[in-house]
Amino acid sequence: MKNRLLSLVGFSPLRDNLKTEVLAGLTTFATMSYILALLPAMFAPLDKVGFPVGIVFTATVLATIVGTLLMAFLARKPFGQAPGLSLNVFFIETVCLAMGYPWQFALTAVLIEGILFVLLCMSNMRKIIFDMVPASLKYAIAAGIGFFVAMIGMKNSGLLATGTIFNHINTLTSPSSLLFLLGLVLTGTFSVMRLRGGLLLSIIIVTLAGIPLGVTTLPDTLFSLPDSPAPLFCQFSWADLLSPDLWVCVLTMLFFDIFDSLGTIVGIMATSGNIRKNGRIPHMQRVMLSDALGTVGGACLGTSTVTTYVESATGVAEGGRTGLTALVIALCFALSLFFAPLFLAIPAVATAPVLVVAGFRLFGSLRHISISQPKEAMPAFLCILLMPITGSITDGIIIGLATYILLSFIEDWTKRFKNPNLKSGTEAETGSGRP
390 MKNRLLSLVG FSPLRDNLKT EVLAGLTTFA TMSYILALLP AMFAPLDKVG FPVGIVFTAT
450 VLATIVGTLL MAFLARKPFG QAPGLSLNVF FIETVCLAMG YPWQFALTAV LIEGILFVLL
510 CMSNMRKIIF DMVPASLKYA IAAGIGFFVA MIGMKNSGLL ATGTIFNHIN TLTSPSSLLF
570 LLGLVLTGTF SVMRLRGGLL LSIIIVTLAG IPLGVTTLPD TLFSLPDSPA PLFCQFSWAD
630 LLSPDLWVCV LTMLFFDIFD SLGTIVGIMA TSGNIRKNGR IPHMQRVMLS DALGTVGGAC
690 LGTSTVTTYV ESATGVAEGG RTGLTALVIA LCFALSLFFA PLFLAIPAVA TAPVLVVAGF
750 RLFGSLRHIS ISQPKEAMPA FLCILLMPIT GSITDGIIIG LATYILLSFI EDWTKRFKNP
810 NLKSGTEAET GSGRP
């Protein structure tokens, strides 16, 4: 019975290690747990327009559980899902505050976007979009996300401060900086020792070390009852269905959701060796479909677009390979509904070194990119460069893809200019052009 249940999430006792998958899930949850405090805080400005901000915590956790369970049982992959931060900003700052629409309008846009995403995933369009990205760029996405994740870790630590033009290093003598350096030493040591659970162990050690330094604040209580999600459940504004602004919001959300999810999934899958030589990823349809269905579920629960989190890379770095890792993540978030004060006590500086190490693991994808081929290397370089600079996975993918298409066109045009008898770049390469 136990093995049958585990097989539902893609776990095989002959191939996978139960302890590794559980530790991977705990590690990913620990690095994702900051959303328990951050997402409700992001919705605070909507309190003045009647949004029930006090319920956001419950809605966020429930949406995270639903999305991650879909990833566990449908896709059987070790990824955690939750309402996306960048699309949260669009939902709150643009749709509700700048455009002045009620939050029900924004939730309707999220629902329609999720439904369209589901339809795309179930059609051949998903394959067309995925195949648009060449293999070299898929590996560049992985490396770019590695730098992006590491940058998040550095900023969360307080060690890296944002300047007017460039970032700079803060003082190394502050308690947070010292804890971050301790975490880096621990994660590096445990990685060299190949200690399973080392990333999670480093989070625990740094959290405990932060107590006497005043960085870790002990909660007054460990148990709390969640608020009812009823006031946010399925609160849609169907009267605005024909509004042009609604469809502008829908298409904007859909565009960013597709490429953000695609980039994160491709990047993390590359580190676990799931990208084949031809650039294909097994079961990609199920992974993207889980992401899309998570958005539909999140809209019904009252949250913005649900997407796959880059912090999932920490669980993959810990050895997570199956949906069991995702199942553990979902169970941890379920517990957080009742023990939120305990999980919120983990300071950002404790998880920051783990994000840096996860970024290092993603960095290894660079070895698959042919640096001697400018058409392959230049788009890859721009993709990798722009992700951490702009703070957007989507921007890196779009610029990299546009550069690849442009250079491919120039290469094809140059070949035909030198040999007018060749019909196209493909025929030139295969020798099938007619004289």
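Each residue of the sequence shown is one higher than the one before, counting from 390 in my numbering. Built from N, CA and C at the ideal position, the CB exists for glycine as well.
Item, Value
"Coarse secondary structure for threonine 697, derived from DSSP in three states", "strand"
"Among Ala452, Ala461 and Gly414, the one whose alpha carbon lies nearest that of leucine 500", "Ala452"
"Element boundaries [alpha helix (DSSP H), containing glutamine 674]", "673-690"
"Any alpha helix (DSSP H) of 4 or more consecutive residues that is wholly inside the segment 753-790", "763-779"
"Buried versus exposed, by CB contacts within 10 Å (16 or more), aspartate 520", "exposed"
"With 16 other Cβ atoms within 10 Å as the buried cut-off, status of tryptophan 492", "buried"
"Alpha carbon of alanine 524 to alpha carbon of glycine 683, nearest angstrom", "27 Å"
"Rounded distance between the beta-carbons of phenylalanine 506 and aspartate 646, thought under 8 Å", "6 Å"
"Integer-rounded CB distance, given that proline 472 should sit under 8 Å from leucine 425", "That belief does not hold up - the Cβ atoms of leucine 425 and proline 472 are roughly 12 Å apart, past 8 Å."
"Three-pair Cβ contact test at 8 Å for the segment 526-545 versus the segment 769-786", "yes"
"Proximity winner among Phe752, Gly753, Leu751 and Phe770, relative to isoleucine 760 (alpha-carbon distances)", "Phe770"
"Pairwise C-alpha distance: alanine 741 and glycine 599", "13 Å"
"Where leucine 549 sits in the DSSP three-state scheme", "strand"
"Residues bridged to alanine 471 (per DSSP)", "Thr696"
"Segment limits, alpha helix (DSSP H) that includes alanine 487", "Counting along the chain, alanine 487 falls outside any alpha helix (DSSP H), and DSSP gives it neither H nor E."
"Cut-off 8 Å between Cβ atoms - residues of its own chain near leucine 403, not counting five sequence neighbours on either side", "none"
"Exposure of valine 637, with buried meaning 16 or more beta-carbon neighbours within 10 Å", "exposed"
"Any 3 or more C-beta pairs closer than 8 Å across the segment 651-659 and the segment 475-483", "no"
"Member of Gly789, Leu713 and Phe749 whose CA lies at the smallest distance from the CA of lysine 829", "It is not possible to answer for residue 829, since the shown part of the chain is limited to 390 through 824."
"First and last residue of the uninterrupted alpha helix (DSSP H) at isoleucine 454", "445-459"
"Start-to-end residues for the alpha helix (DSSP H) that takes in serine 563", "First-last for serine 563: undefined, no H or E at that position."
"Cα-Cα separation between cysteine 689 and alanine 487, rounded to whole angstroms", "24 Å"
"Run of the alpha helix (DSSP H) containing tryptophan 492, from where it starts to where it stops", "492-511"
"Length of the line joining the Cα atoms of aspartate 405 and leucine 458", "19 Å"
"Where the alpha helix (DSSP H) through phenylalanine 440 begins and ends", "Note, phenylalanine 440: premise wrong, no alpha helix (DSSP H); not H, not E."
"Among Phe648, Gly687 and Asn545, the one whose alpha carbon lies nearest that of threonine 420", "Asn545"
"Glycine 547 Cβ short of 8 Å to the ligand PLP heavy atom set", "Ligands displayed in this structure: none; no statement on the ligand PLP is therefore possible."
"Pair within 9 Å by beta-carbon distance, proline 618 and threonine 447", "yes"
"With 16 other Cβ atoms within 10 Å as the buried cut-off, status of arginine 750", "buried"
"Segment contact flag, the segment 719-734 with the segment 568-586, C-beta cutoff 8 Å, min 3 pairs", "no"
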